[in-house]
Amino acid sequence: MFKNDVVGVGVIGAGEIGAVHSENLARRTRRARVTAVMDVDGERAEAVASACGARAYTDAAALIADPAVDALLVATPDATHADLTIAAIEAGKPALCEKPLATTAADAQRVLRAELAAGRRMTQVGFMRIYDRSHVEVRRLLRRGDIGRALRFRGMHINPYRGVTTIDRVMVNSLIHDIHSARWIMDAEVESVFARWVPAQPDEPRSARFASVLMTFEGGAIGSMDWSGNSNYGYEVTMEITGETGTAGTVSHTSPILRQGSRISQAVTPNWPERFADAYIDEAQIWIDSILSGQPTGPSAWDGYMSLVVAEACIRSTQTGQPEMPQSIKRPAIY
Ligand SMILES: NC(=O)c1ccc[n+]([C@@H]2O[C@H](COP(=O)([O-])OP(=O)(O)OC[C@H]3O[C@@H](n4cnc5c(N)ncnc54)[C@H](O)[C@@H]3O)[C@@H](O)[C@H]2O)c1
Numbered sequence: 010m011f012k013n014d015v016v017g018v019g020v021i022g023a024g025e026i027g028a029v030h031s032e033n034l035a036r037r038t039r040r041a042r043v044t045a046v047m048d049v050d051g052e053r054a055e056a057v058a059s060a061c062g063a064r065a066y067t068d069a070a071a072l073i074a075d076p077a078v079d080a081l082l083v084a085t086p087d088a089t090h091a092d093l094t095i096a097a098i099e100a101g102k103p104a105l106c107e108k109p110l111a112t113t114a115a116d117a118q119r120v121l122r123a124e125l126a127a128g129r130r131m132t133q134v135g136f137m138r139i140y141d142r143s144h145v146e147v148r149r150l151l152r153r154g155d156i157g158r159a160l161r162f163r164g165m166h167i168n169p170y171r172g173v174t175t176i177d178r179v180m181v182n183s184l185i186h187d188i189h190s191a192r193w194i195m196d197a198e199v200e201s202v203f204a205r206w207v208p209a210q211p212d213e214p215r216s217a218r219f220a221s222v223l224m225t226f227e228g229g230a231i232g233s234m235d236w237s238g239n240s241n242y243g244y245e246v247t248m249e250i251t252g253e254t255g256t257a258g259t260v261s262h263t264s265p266i267l268r269q270g271s272r273i274s275q276a277v278t279p280n281w282p283e284r285f286a287d288a289y290i291d292e293a294q295i296w297i298d299s300i301l302s303g304q305p306t307g308p309s310a311w312d313g314y315m316s317l318v319v320a321e322a323c324i325r326s327t328q329t330g331q332p333e334m335p336q337s338i339k340r341p342a343i344y
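Per the working numbering, residue 10 is the first one in the sequence shown, and the count goes up by one each step.
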């Protein structure tokens with residue numbers, strides 16, 4: 010089915026992450042080739058396409074129809090994800106869709122319906138933390154029983170300043186990473202959430218500088234997630250699991266610890282491209298391997314949907330001031 014057992018990838022969206030994925034697929038992924046790049050900004054499409062030896066497009070439908078495109082990587086703004094992923098499914102082409110799968114759970118359900126109509130899983134969602142080696146190792150220890158039953162999840166997601174944002178967007182676009190991480194590592198769905206936040210600007214109450222979510226999981230464990238929109242020092246993502254017989258946590262920085270001049274110091278990772286550089290490469294490779302083997306893997310459209318269901322419960326909690334329960338449909342058999 011694939012020419013010379015190589016998957017031709019069409020990248021839609023040649024912005025910051027689209028460029029990272031294109032370069033990884035073109036130079037660091039076995040059995041993959043970037044054959045086409047599309048962006049509404051023709052210059053961006055051309056720049057990324059020429060760096061990969063690919064064809065540039067400004068029309069998504071034309072790229073999807075290109076016979077050199079076997080699979081799609083969707084890296085456009087959030088509001089376009091569901092429609093582009095559905096177009097890929099309808100064309101019979103698997104897609105790696107950046108997070109979030111959609112901007113609402115109802116929109117994500119349209120993707121689920123398209124996959125159900127196709128009768129198979131075709132979408133992987135870009136929750137790449139599950140490919141970060143430190144996260145993978147913590148999960149392995151947990152599954153092997155090294156720290157006993159998981160009692161508590163604690164996630165921390167600290168960003169350098171990326172512009173003014175709202176608490177609604179934080180939940181759907183950013184904390185959604187931590188929501189997926191929590192579901193994945195705890196191997197349990199979130200049962201309730203209670204969200205609080207500090208506005209970035211006092212006269213704009215739904216602007217967000219810092220947010221915290223307390224949560225309970227089905228099965229009885231508890232958890233929390235902290236999010237910052239302006240650390241003033243760099244980027245950090247960590248999670249820690251407290252188990253019945255021990256605790257396991259991921260590391261945030263791998264730079265050396267320096268002792269000098271009466272001080273101990275360690276360089277902080279500036280932002281996500283540096284912190285998760287290896288995870289994006291592993292994500293791309295595992296996605297390509299799964300397409301070639303016909304065995305879908307990684308975060309599914311169901312995971313994309315369920316993470317949005319939890320994000321929406323967090324938003325409701327910010328509106329009601331009360332704990333809220335995620336409201337989901339029944340899990341279809343293909344997931
Ligand atoms: N998994 C991660 O760690 C991660 C990291 C960054 C971004 N993201 C996600 O990736 C997506 C893109 O983020 P980004 O930071 O690269 O944004 P960006 O603004 O840098 O790039 C988006 C690109 O999409 C183009 N575009 C806009 N509308 C389009 C359309 N309808 N069709 C085709 N192209 C269109 C823009 O011209 C731009 O080049 C977002 O959904 C974001 O949530 C994920």
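From the three backbone atoms N, C-alpha and C, an ideal C-beta is built for every residue, glycine too.
Contact defined as beta carbons within less than 8 Å: I believe residue i pairs with residue j. What is the distance between those atoms, to the nearest angstrom?
i      : j      : result
Ala65  : Val46  : 6 Å
Val18  : Gly27  : Not a contact, Cβ separation roughly 11 Å.
Glu184 : Met234 : Strictly speaking, residue 184 in this sequence is Leu, with Glu absent from that position. At roughly 6 Å, the Cβ-Cβ gap stays under 8 Å, so Leu184 and Met234 are in contact.
Ile188 : Val319 : 5 Å
Thr112 : Ala88  : 5 Å
Met165 : Ala191 : With 8 Å as the limit, Met165 and Ala191 do not qualify as a contact, their Cβ atoms being about 12 Å apart.
Gln118 : Tyr314 : 6 Å
When the Cα atoms are used, what is the spatial distance from residue i to residue j?
i      : j      : result
Val147 : Ser216 : 34 Å
Thr38  : Ile290 : 7 Å
Lys102 : Gln331 : 42 Å
Arg40  : Thr254 : 43 Å
Trp236 : Tyr244 : 11 Å
Pro305 : Thr247 : 27 Å
Ala209 : Tyr170 : 11 Å
Lys339 : Phe226 : 17 Å
Ala23  : Ala123 : 25 Å
Leu150 : Ala257 : 8 Å
Pro279 : Tyr242 : 8 Å
Val120 : Thr263 : 38 Å
Leu301 : Pro214 : 49 Å
Ala286 : Phe136 : 13 Å
So the beta strand (DSSP E) residue i belongs to, where does it begin and stop?
i      : result
Thr132 : 132-134
Ser201 : 199-207
Glu107 : Taken as a continuous stretch (DSSP letters only), Glu107 belongs to no beta strand (DSSP E), as it is neither H nor E.
Gln275 : 272-275
Gln47  : In the sequence as displayed, the identity of residue 47 is Met instead of Gln. Unbroken beta strand (DSSP E) run through Met47: 41-47.
Ala80  : 80-83
Ala65  : 64-66
If I follow the unbroken alpha helix (DSSP H) through residue i, where does it start and stop?
i      : result
Met315 : 310-329
Arg148 : 142-152
Leu301 : 286-302
His90  : 90-99
Met195 : 184-195
Which one of the options has the shortest CA to CA distance from residue i?
i      : options                        : result
Gln328 : Phe203, Asp187, Ala56, Glu245  : Phe203
Ala288 : Gly172, Val29, Ala114          : Val29
Ser316 : Thr306, Asp50, Ala88, Ala114   : Ala114
Asp79  : Thr85, Ala104, Ser59           : Ala104
Val181 : Gln336, Ala322, Pro279, Ala23  : Ala322
Gln133 : Ser309, Ser337, Val145         : Ser309
Ala35  : Gly135, Trp206, Val15          : Val15
Thr94  : Glu213, Tyr242, Asp75, Ala69   : Ala69
Arg138 : Leu150, Phe11, Ser261          : Ser261
Glu32  : Ala74, Asp312, Pro282, Ser326  : Pro282
Ile324 : Gly313, Ile231, Val222, Arg152 : Val222
Taking contact to mean at least 3 C-beta pairs separated by less than 8 Å, is the stretch 289-297 in contact with the stretch 190-201?
No, the stretch 289-297 is not in contact with the stretch 190-201.
Is it true that the stretch 176-183 meets the stretch 92-102, where meeting means three or more beta-carbon pairs spaced less than 8 Å apart?
no
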